[in-house]
Amino acid sequence: MPYSFKVEYAKIRAKEFVAECEKRGLNYHVSVGGLDSITLLLFLRSIGIDCPAVSVSGLEDKSIQEIHKQLGVIKLLPSVRYMNPNGTPHRWSKVEIIREFGFPIISKEVAEKIWTLANPTEKNAKFREGIIKQKYSSSRRVAQKWLEKFGGYANEEYGTNYKIAPFKVSEKCCYFLKEKPCDDWASKNNSAPFLGLMASEGGRREYMLKIYGCNYFGKIRARSCPFAIFSKQDLLQLALDLNVPIPAIYGTIERKEDGTLYTTKAQRTGCGMCGFGIHLEKRPHEFDLLKEKNPKLWHFWMYECCTDENGQKFGWARVLDYIGVPYLNEDKTQFDGVMQGRLFEENQ
Ligand code: SF4
Numbered sequence: 013m014p015y016s017f018k019v020e021y022a023k024i025r026a027k028e029f030v031a032e033c034e035k036r037g038l039n040y041h042v043s044v045g046g047l048d049s050i051t052l053l054l055f056l057r058s059i060g061i062d063c064p065a066v067s068v069s070g071l072e073d074k075s076i077q078e079i080h081k082q083l084g085v086i087k088l089l090p091s092v093r094y095m096n097p098n099g100t101p102h103r104w105s106k107v108e109i110i111r112e113f114g115f116p117i118i119s120k121e122v123a124e125k126i127w128t129l130a131n132p133t134e135k136n137a138k139f140r141e142g143i144i145k146q147k148y149s150s151s152r153r154v155a156q157k158w159l160e161k162f163g164g165y166a167n168e169e170y171g172t173n174y175k176i177a178p179f180k181v182s183e184k185c186c187y188f189l190k191e192k193p194c195d196d197w198a199s200k201n202n203s204a205p206f207l208g209l210m211a212s213e214g215g216r217r218e219y220m221l222k223i224y225g226c227n228y229f230g231k232i233r234a235r236s237c238p239f240a241i242f243s244k245q246d247l248l249q250l251a252l253d254l255n256v257p258i259p260a261i262y263g264t265i266e267r268k269e270d271g272t273l274y275t276t277k278a279q280r281t282g283c284g285m286c287g288f289g290i291h292l293e294k295r296p297h298e299f300d301l302l303k304e305k306n307p308k309l310w311h312f313w314m315y316e317c318c319t320d321e322n323g324q325k326f327g328w329a330r331v332l333d334y335i336g337v338p339y340l341n342e343d344k345t346q347f348d349g350v351m352q353g354r355l356f357e358e359n360q
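Each residue of the sequence shown is one higher than the one before, starting from 13 at the first, in the numbering used here.
Structure representation (structure tokens):
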């Protein structure tokens, strides 16, 4: 469908969501992160939906944080791990989560399944069986190559011969740093979120949007994704039309000769040093970028952030070696031709 149709469609879905929330006695808010959801916030404001916006801003790039501040986004903090003796909260940090639960790699869905296999209970027995016996639809299945590398926890039970990785894997990083703080805010405020998700991003998001649609009201959760049917091009066009302030990390929105819109620097952003999707990234990937920017910090994350049961320090280098993601500079040719649109340019 054309852009104008999709914008109109998003407007209708957003207004329907507000009406339904009001009918159910629910408040509503926008969950904000990068450019997509910043555009959503301004889109909602442009059609008269003026609601609070929240974000765990501290996880985002500094330039995104500045825009959040300008737009009056409420800043949330990571979840509390425990209370200090003096009564102040100690909040989870990424390194603490990785040490305690494991590395976020591949995708949230796969990491969650690997975590479940490694932490068997009676309650999750059916789920584990489904994972090992590949009972899920192809889009929700753990690819065979990952089962071979991570599925060994259940070898005895299922007579398989898979390996166990020399590090822990889990999806809990997102949960403690992002999801729980947002969920806690939402339940405290009896509020349902607008999210800037688009099915065109693929993966779990596409799957969830196709199954549950733009507006969803379940027993426990409700949420609206008015941009569900948008492509990245639609999003960028809307950002231009609404004069959205573009965080410096993205550069500016420009048009190629063939009319395609693009951001001159980062195409997408997220927390640094995250392994979700790293196996699909072209070089220079997240880890290369950090090496350029802050070699000392890179060294810590790559080689020192965890200690194994033999007392040996290790980090992402062990993880990336295991899943076959290159991170050293020996093969310079890997960098050729993949520079455009990446932060890496800034550091050259
Ligand atoms: S996106 Fe990655 S680094 Fe950021 S909170 Fe989620 S798992 Fe952690």
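For every residue, glycine included, the Cβ atom is placed at its ideal position computed from N, Cα and C.
Distance between residue j and residue i (C-alpha atoms, nearest Å)
i: residue 355; j: residue 317; result: Below a pLDDT of 50, predicted positions are generally treated as unreliable, and residue 355, at 39, falls in that range; no measurement from the model is reported.
i: residue 183; j: residue 118; result: 10 Å
i: residue 100; j: residue 90; result: 14 Å
i: residue 58; j: residue 270; result: 29 Å
i: residue 358; j: residue 265; result: Note that residue 358 has pLDDT 33, beneath the 50 cutoff, so the model's placement of it is unreliable and the number below is only indicative. Rounded to whole angstroms, residue 358 to residue 265 spans 16 Å at the Cα level.
i: residue 215; j: residue 132; result: 26 Å
i: residue 157; j: residue 174; result: 10 Å
i: residue 83; j: residue 335; result: 40 Å
i: residue 256; j: residue 247; result: 11 Å
i: residue 107; j: residue 289; result: 19 Å
i: residue 249; j: residue 52; result: 12 Å
i: residue 205; j: residue 322; result: 45 Å
i: residue 126; j: residue 33; result: 36 Å
i: residue 267; j: residue 45; result: 24 Å
Under the three-state DSSP convention, the category residue i falls into
i: residue 44; result: coil
i: residue 297; result: coil
i: residue 84; result: coil
i: residue 17; result: helix
i: residue 103; result: strand
i: residue 95; result: strand
i: residue 130; result: helix
i: residue 326; result: strand
i: residue 243; result: coil
i: residue 280; result: coil
i: residue 355; result: Any answer about residue 355 is weak, because its pLDDT of 39 lies below 50 and its placement is not dependable; what the coordinates show is given next. Three-state DSSP puts residue 355 in a helix.
i: residue 227; result: strand
i: residue 167; result: helix
i: residue 51; result: helix
i: residue 119; result: coil
i: residue 321; result: coil
i: residue 341; result: coil
i: residue 271; result: coil
i: residue 287; result: strand
i: residue 236; result: strand
i: residue 75; result: helix
i: residue 149; result: coil
heavy atom of the ligand SF4 below 8 Å from residue i C-beta
i: residue 293; result: no
i: residue 207; result: no
i: residue 285; result: yes
i: residue 366; result: Given that the chain is displayed from residue 13 to residue 360, the structure contains no residue 366 and the question cannot be resolved.
i: residue 327; result: no
i: residue 192; result: no
i: residue 97; result: no
i: residue 185; result: yes
i: residue 189; result: yes
i: residue 263; result: no
i: residue 299; result: no
i: residue 215; result: no
i: residue 147; result: no
i: residue 70; result: no
Residue i Cβ short of 8 Å to the ligand HEM heavy atom set
i: residue 89; result: Of the ligands this structure carries, namely the ligand SF4, none is the ligand HEM.
Are at least three pairs of beta-carbons, each pair with one atom in the stretch 307-315 and one in the stretch 326-333, less than 8 Å apart? yes
Is the stretch 197-215 in contact with the stretch 130-145, if contact means three or more CB pairs nearer than 8 Å? no
Contact the stretch 282-296 vs the stretch 76-92: 3+ CB pairs below 8 Å: no
With three or more C-beta pairs closer than 8 Å as the rule, is the stretch 295-305 touching the stretch 144-157? no
Segment contact flag, the stretch 22-32 with the stretch 236-255, C-beta cutoff 8 Å, min 3 pairs: yes
Report yes or no: do three or more beta-carbon pairs, one from the stretch 156-170 and one from the stretch 59-78, lie closer than 8 Å? no
Would you list, in sequence order, the uninterrupted alpha helix (DSSP H) runs of no fewer than 4 residues that lie entirely inside the stretch 155-199? 156-162 and 167-170
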